[in-house]
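Letter 67 of the sequence shown, counting from 1, is numbered 67 in full-length UniProt numbering, and no numbers are missing.
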Amino acid sequence: MAEEGKETSGCPPASPPQSTHFLQDVIFHGKFKVSVNTATEDPDPGGEHTLPARPLLPGRPAALCAGDPWRRRAQASRRTIPDAAAHRRGPVTPTAPRPSTPDPELGLQTQSLDDQEDDKRSRREEFEKNLLDMGLELEKDEDGKTPGVGFLKIHAPWNVLCREAEFMKLKMPTKKMYAVKQSSSVVEKINSLISKVLEPLHPSVEEHKIKNIKHLSYTFSREKQHLFNLSDKDSFFDSKTRSSIVFEVLKRTKCTKAKYSMGLTSLLCSGIYTAAYPLHDGDVSGEHAEPNDRKLLYEEWASYSVFYKYQPIGLVRKYFGEKIGLYFAWLGLYTQMLIPASVVGVIVFLYGCATVDDNIPSMEICHPKSNITMCPLCDKACSYWKLSTACGTARASYLFDNPATVFFSIFMALWAAMFMEHWKRRQMRLNYEWDLTGFEEEETDDEKLTCRDRLPAYMTNLVMMLLMIGVTFAIVFGVILYRISTKAALHMSSNPITRSHVRLTVKTTAAIINLVVILILDEVYGAVARWLTVLEVPKTDKSFEQRLIFKTFILKFVNAFTPIIYIAFFRGRLVGRPGSYLYVFESYRMEECAHGGCLMELCIQLSITMLGKQLIQNNLFEIGVPKIKKLIRYIRSKREAFQEEERQKRLQRYEIDHFLEPFAGLTPEYMEMIIQFGFVTLFVASFPLAPLFALLNNIIEIRLDAKKFVGELQRPVAARAKDIGIWYNLLKGVAKVAVIINAFVISFTSDFIPRLVYQYMYSPDGSMHGFVNHTLSYFNVSHFQDGKEPMDPLHLGYGVDICRYKDYREPPWSSTPYEISKEFWAVLAARLAFVIVFQNVVMLMSDVVDWLIPDIPKDISMQIHKEKILMVELFMREEQGKMHMMESMQASTGDKEKCSSNSYPIPVPRQRTTPQPNCNNANNV
């Protein structure tokens, strides 16, 4: 704001500001080698040269930092570093004696560093000159309280703000206001009643209150400034809008004198500057903290004491921008929708607990008189065992494998469809409230690469993606070998307690190993995905972001769900039979499922992976890593050396924000929620408590993210967005895949279909009595391969001639011993039929839900239409006013011309004439 500058030393006088607050547009900060002149006196004391010609102390970087309280513009001046401070930087000092014999290699290195610093200095000077040419105002601060760091503070005056707002097509509120039409009287009363009931759950912020009057918004134009209320130019563009405008100018500004053009991103990557960030509004705590939006967010949003309240999404958008506001709005809606899913999941689990004692198959297994002898679970080390010892596993499996889980799978598929439709409606409502209707992102394509130029990068991407997926498969295979070998080793233990808990020990330790590997590979895959995306040289920033998200999602999705998919669909199906088992490397026998099926093991793997990722990766890392990085920044700046002299000094806002962690984008936040959405929907048939654990995690996650954004991160540059982008398509894809996977889990992993087939086709009385015996086949122990029989055949106290194993095969005394029986084909046909019916019915129901619920709420559609009509009326009145003004001006001009033609003096002897009517300044005599 050109007319709002404040007079300081070295600045021309200007009118005093109307308010006392500071509005920091953006802070642009970077390190470079500080130069100290070796002359005894400063040739340009207090001059305009901020960078002397010759760098000293090439191994010690200092920093020029940039940011700007918009009212303070100080004259840049050159400073020298005291000898004591320089001495603390290292053994090299300005007065160090030169060696008698110069080292050529050291001289070349010093010259190379000098050339690099000269190049960086010239590019900084050119960039800053271009910023001045763009109309920005700069202020340098090289004498801050942060050692080795300097700041360049940037401010956009009023004319630049208006120009860029017009270029960016920002919608701003006009003077015109209109009443927001409410719903019908009955609906309005119901909404009013609900609002009163939920009043304690709303945050105490102005932006969250329902407003019945709304300003009509219009794209800002300098030619139509009369439409907008510009009485207070300080607050017309808020801090979020100012920072986005300044950042847009920074992105467009280039350095062109070098070998190749360099923009802001290149300057940051090459170390010419080290960071660019807008400033926070103020402190969030302390005695001297003034009221500001940041403090209000910290109290009403980033505090764990308000976990039960709604989020102040309007204030979040006002402070951080639409893109971050949409993320937290989506996360809040997702968390709300998990409440009914959690309730139904708990009911399903309690149903299993209540009916487990009435489950006939479990009763048959746990019956004390059950004398079914099972075949060994491994070669040599394992012996025969009683089926009754699997009582606990069978009862636990029923908790997650009962008829209610089928209903819950259908419910969760419809829940996912409802969630997607509800979000689309919520998104449209936010677009209307935030004046984003009609907003379209515009990006220019500056690249001229052809498909032939990009082919090597595409091939590299394909090969590397397949390689990374192959690494995941290899690790899963390694964990399989661990389970097989550990099981055999524990069975050989002399401790009876160890032998009795072999399955539980192996399952738990293998799941923990999988979790650790997943956490490590997540970090590796994130770096690989970014590297592969850079190789592709995407045309636009949006294309870069979408490609990076897609690659990261594929790699992390495969990493998280490959062990689970193996347990659900492959384990226990590639085993063989006694006497003809399938071996890996001719020595490792493929592992089998417990008698209750693999569903219990799938549940253990799901729970450990899901809870581990949420507690360790999502929460512990998000709390610990930013604090550790902040501590490292303090240590690197060596602030402890200056504690005594600066104990009483207060750091400026831009110096405090310098030690915060840079904002790394929303991709990690979205990614962890998408993976969690996969855990909630993909295998929910085997783990109905997944929505409950996700709900508890998200309640903490919202406040944790809020605390991180408000207090731990540098303020992000506000970005406009009307939707969540590619994340919606990924959510929709996961929801569709979830229907198919749940159909296969119910059909092939659980015993739901075999129980139905037995009850309606083979049961003599239509009950489940005899189901366990029906699923077990017979094996003659004399048919064991040489060297594979148990070492202790009398482990049970008696000799065994026939043992049982779970499969549908012919007995050894039939004409086709050990061949697949007809019951197997009947069950397989029923399983495939269930998959087809379940998938089509559920998807049809989801499409019906999608069709029944409109994407745009009716009241929002009416308000958008009303805004268009009001805008047309506003411009029609403006045109009519212009026409009336032109007509009046023409009439006035005609009268003046008529008066002018009659205004010449008419000489009449000794008489005085009166002036003609409607004539001004006529001297008629």
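Glycine included, C-beta positions come from ideal geometry on N, C-alpha and C.
Contact between the stretch 710–724 and the stretch 233–244 is present: 3 or more CB-CB pairs across the two stretches fall below 8 angstroms. DSSP places F408 in no beta strand (DSSP E) but in the uninterrupted alpha helix (DSSP H) bounded by P403 to E433. When the beta-carbon positions are compared, Y327 and E669 come within less than 8 angstroms of each other.
Collapsing the DSSP output to three states places R577 in a strand. When secondary structure is reduced to three states using DSSP, T540 falls in the coil class, being assigned neither helix nor strand. Judged by beta-carbon spacing, P793 lies within the 8 angstroms limit of G799, meaning their Cβ atoms are closer than that value. For E712, no alpha helix (DSSP H) run applies, since DSSP gives it neither H nor E. Taken through DSSP and simplified to helix, strand or coil, N780 comes out as strand.
Looking at the DSSP output, W301 bridges to nothing. By the CB criterion at 8 angstroms, D293 and K318 fall inside the cutoff. Taking the Cα of Y218 as reference, the smallest distance to any Cα among Y432, M843, L296 and I365 is reached at Y432.
Restricting attention to alpha helix (DSSP H) runs no shorter than 4 residues, the stretch 476–531 encloses them at 496–500, ordered along the chain. Within the DSSP bridge table, the entry for D141 names F151 as partners. Assignment of T253 by DSSP, reduced to helix, strand and coil, places it in the coil class. Listed in chain order, the non-local C-beta contacts of V575 below 7 angstroms within the same chain comprise Y581, L582, M590 and E592, local neighbours out to five positions each way being set aside. In the DSSP annotation of this structure, R804 is not part of any alpha helix (DSSP H); the continuous beta strand (DSSP E) holding it starts and ends at I802 to K806.
In terms of Cβ geometry, A738 and A416 form a close pair [threshold 8 angstroms].
Sequence-distant Cβ neighbours of R755 in its own chain, meaning closer than 7 angstroms and more than five residues away, are M768 and F771. Counting the other CB atoms within 10 Å of its CB gives D786 a total below 16, which places it among the exposed residues. For the stretch 651–686, the full-length alpha helix (DSSP H) segments reaching 4 residues or more read 653–658 and 667–681 along the chain.
DSSP places L216 in the strand class (E or B) of the three-state scheme.
Taking C-beta atoms as the reference points, F683 and I564 count as a pair closer than 8 angstroms.
No Cβ-Cβ contact shorter than 8 angstroms links T775 with A568. Counted as a single uninterrupted DSSP element, the beta strand (DSSP E) harbouring A275 occupies residues A275 to Y277.
Residue pairing by DSSP puts K386 in a beta bridge opposite T373. Per the Cβ contact rule, the stretch 804–811 is in contact with the stretch 374–384 (3 or more Cβ pairs under 8 angstroms). Only residues of its own chain outside the window of five on either side were considered, and among them L731 and V734 have a CB closer than 7 angstroms to the CB of F677, listed in chain order.
T174 is bridged by DSSP to F228. As for any alpha helix (DSSP H) of minimum length 4 sitting wholly inside the stretch 590–615, the runs are 599–612, ordered along the chain. Two segments are said to touch when three or more pairs of C-beta atoms, one from each, lie closer than 8 angstroms; by this definition the stretch 683–697 does not touch the stretch 300–313. Taken through DSSP and simplified to helix, strand or coil, Y818 comes out as coil. Inter-residue distance for F779 and S815 is about 14 angstroms (C-alpha atoms, whole angstroms). Here N514 is buried, its C-beta having at least 16 other C-beta atoms within 10 Å.
I154 is positioned such that its CB atom lies closer than 8 angstroms to that of L138.
In the structure shown, V737 adopts helical secondary structure according to DSSP, grouped into three states. Here the C-alpha atom of G314 lies approximately 44 angstroms from the C-alpha atom of S122.
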